[in-house]
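Heads up: the sequence shown begins at 1 in UniProt numbering, then just goes up one per residue.
Note sheet for the following structure.
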Amino acid sequence: MDIELEKLKQGKPLTDKKEYKVKLEKYQRRLLALQQMLFQEKIGLIIVFEGMDAAGKGGAIKRMNEQLDPRGVLVHPISAPAPHELRYHYLQRFWRKLPQHGQIAIFDRSWYGRVLVERIEGYAGHREWKRAYDEINAFEKSLTDERYIMVKFWVHISKDEQLRRFEERQQDPIKRWKITDEDWRNRKKWGMYVKAAEEMLSKTDHAYAPWHVIEGNDKKYARVAILKKAVTHVEQSLTQMGQPLPEYELFGAK
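Next comes the structure, spelled out in structure tokens:
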């Protein structure tokens, strides 16, 4: 995937509340139906979220989960590795978080930190993060060869929209915990992060584990787009595996 993120055309805002609710619920129910199919056929699903700070990843994950059976879904918010995890290969901590066949795992940030924050902040040396592209591709291929479906989202917002959300968080006591000094420091390196993300998308986008770039300035548009693309990819993967699709009308999601 060759893309210039700063030239990404943002999607048309989804301003009609009723339309948003109808579309959101449709794909939520379809994902629930697919969750049951995955459980029955013992196929694992891995969903990865990456994006700039305040891009709306958490909100999208929340809506993705709203109608899923919580017994079969795991959400992993990923931060810096713990001291004991640094004694292992960087992928080790992610192997431990993989879902069983038949379960879903959602990663709020992921192993791609190796070629993003660890690259930019110098936690990984040049040879280490360069080598990581091949390591990540092999990691994902090994999973999708063994009855796992993987779909990855990069949620992109403009620099101006990020500033608006940062300031909103600072002024809202309920959201203030979301904004940190590190967020402001990272913002100063916006161009470096965009360049790293574009290279990541170029080197790790494959049919077996595709990236979907989501226009995130309008949160409602992004949430529906993410759900729709996730459902579509799972449907396509099941079809390629020779599996039937669910009867969506039974779930109120025709």
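Think of the CB as a built atom: it goes at the ideal place given N, C-alpha and C, for glycine as much as any other residue.
Here the structure is a predicted model, which means the values were calculated and not measured.
- Item | Asp218 to Gly11 span [Cα, whole Å] | Locating residue 218 in the sequence shown gives position 218, counting from the first residue. Locating residue 11 in the sequence shown gives position 11, counting from the first residue. Answer to the nearest angstrom: the Cα atoms are 7 Å apart.
- Item | DSSP three-state assignment for Glu215, whether helix, strand or coil | Residue 215 sits at position 215 when you count from the first residue of the sequence shown. Strand.
- List the DSSP bridge partners of Gly113. Reading the sequence shown from its first residue, position 113 is the one you call residue 113. Bridge partners of Gly113: none, in fact.
- Quick one, are the C-beta atoms of Met1 and Ser202 less than 8 Å apart? Counted from its first residue, the sequence shown places residue 1 at position 1. Counted from its first residue, the sequence shown places residue 202 at position 202. Yes. Within cutoff.
- Message: Please classify Tyr148 as buried or exposed, where buried requires at least 16 neighbouring CB atoms within 10 angstroms.
- Response: Your numbering for residue 148 matches position 148 in the sequence shown. Tyr148 comes out buried.
- Query: From this set, Glu6, Met52 and Tyr193, which residue's C-alpha is nearest Val155's C-alpha?
  - Reply: Here residue 155 is taken as the residue at index 155 of the sequence shown, counted from 1. Measuring from the Cα of Val155, the nearest candidate turns out to be Met52.
- Task: Quick one: residues in its chain with C-beta nearer than 6 Å to the C-beta of Lys229, no 5 flanking neighbours on either side, listed in chain order?
- Result: Within the sequence shown, the letter at position 229 stands for residue 229. Around Lys229: His212.
- Query: Can you tell which of Glu85, Ala222 and Val115 has the C-alpha that lies nearest to the C-alpha of Tyr23?
  - Reply: On the sequence shown, residue 23 is found 23 positions in, with the first residue counted as 1. The sequence shown places Lys at residue 23, rather than the Tyr named in the question. Answer by Cα proximity: Ala222.
- Message: Spatial neighbours of Trp190 within its chain, please: C-beta separation below 7 Å, excluding the five flanking residues on both sides.
- Response: Numbered from its first residue, the sequence shown carries residue 190 at position 190. So the qualifying residues of the chain are Lys159.
- Apart from the five residues on each side of it in sequence, which residues of its chain come closer than 6 Å, Cβ to Cβ, to His76? Position 76 of the sequence shown, counted from the first residue, corresponds to residue 76. Only Lys97 and Phe107 meet the Cβ criterion.
- Query: Straight-line CA distance for Ile179 to Glu66?
  - Reply: As a position in the sequence shown, residue 179 is number 179, starting the count at 1. As a position in the sequence shown, residue 66 is number 66, starting the count at 1. Cα to Cα, the separation comes out at about 25 Å.
- Task: Within its chain, find whatever has a CB closer than 7 Å to the CB of Val234; leave out the 5 residues flanking it on each side and keep chain order.
- Result: Sequence index remark: in the sequence shown, residue 234 carries index 234 (1-based). Hits under 7 Å: Leu34, Leu45 and Ile149.
- Message: For a test of the three-state rule: what should DSSP assign to Tyr208, helix, strand or coil?
- Response: Locating residue 208 in the sequence shown gives position 208, where the first residue counts as 1. Coil, per DSSP.
- Compute the Euclidean distance between the alpha carbons of Lys26 and Ala197, then round it to the nearest angstrom. In the sequence shown, residue 26 corresponds to position 26, counting from 1. In the sequence shown, residue 197 corresponds to position 197, counting from 1. The alpha-carbon atoms of Lys26 and Ala197 are separated by roughly 31 Å.
- Residue of Phe139, Pro83, Glu215 and Met241 minimising C-alpha distance to Glu4: Here residue 4 refers to the residue found at position 4 when the sequence shown is read from its first residue. Out of Phe139, Pro83, Glu215 and Met241, Glu215 has the C-alpha closest to the C-alpha of Glu4.
- Where Met64 falls, given that 16 or more other Cβ within 10 Å makes a residue buried: Here residue 64 is taken as the residue at index 64 of the sequence shown, counted from 1. Met64 is buried by the Cβ-count criterion.
- Mind checking which residues open and close the beta strand (DSSP E) that includes His156? Walking along the sequence shown from the start, residue 156 turns up at place 156. From DSSP, the beta strand (DSSP E) with His156 extends over Tyr148 to His156.
- Query: By DSSP, does Pro99 sit in helix, in strand, or in coil?
  - Reply: As a working mapping, residue 99 is identified with position 99 in the sequence shown. It is coil, neither helix nor strand.
- Query: Would DSSP call Gly44 helix, strand or coil?
  - Reply: Walking along the sequence shown from the start, residue 44 turns up at place 44. It is a strand residue.
- Message: Just to confirm the assignment, what range does the alpha helix (DSSP H) spanning Ala55 have?
- Response: Here residue 55 refers to the residue found at position 55 of the sequence shown. Premise fails: Ala55 is in no alpha helix (DSSP H) and is neither H nor E.
- Indicate the three-state DSSP secondary structure (helix, strand or coil) for Glu198 in the structure shown. Working through the sequence shown from its first residue, we reach residue 198 at position 198. Three-state DSSP puts Glu198 in a helix.
- Rounded C-alpha distance that separates Lys254 from His84: Walking along the sequence shown from the start, residue 254 turns up at place 254. Walking along the sequence shown from the start, residue 84 turns up at place 84. Spanning the two alpha carbons is a distance of roughly 48 Å.
- Query: Does the Cβ of Lys17 lie closer than 7 Å to at least one heavy atom of the ligand COA?
  - Reply: Among the components of this structure there are no ligands whatsoever, and the ligand COA is therefore not found.
- Item | DSSP beta-bridge partners of Ile106 | Position 106 of the sequence shown, counted from the start, is the residue given in the question as residue 106. Partner(s): Ile47 and Val75.
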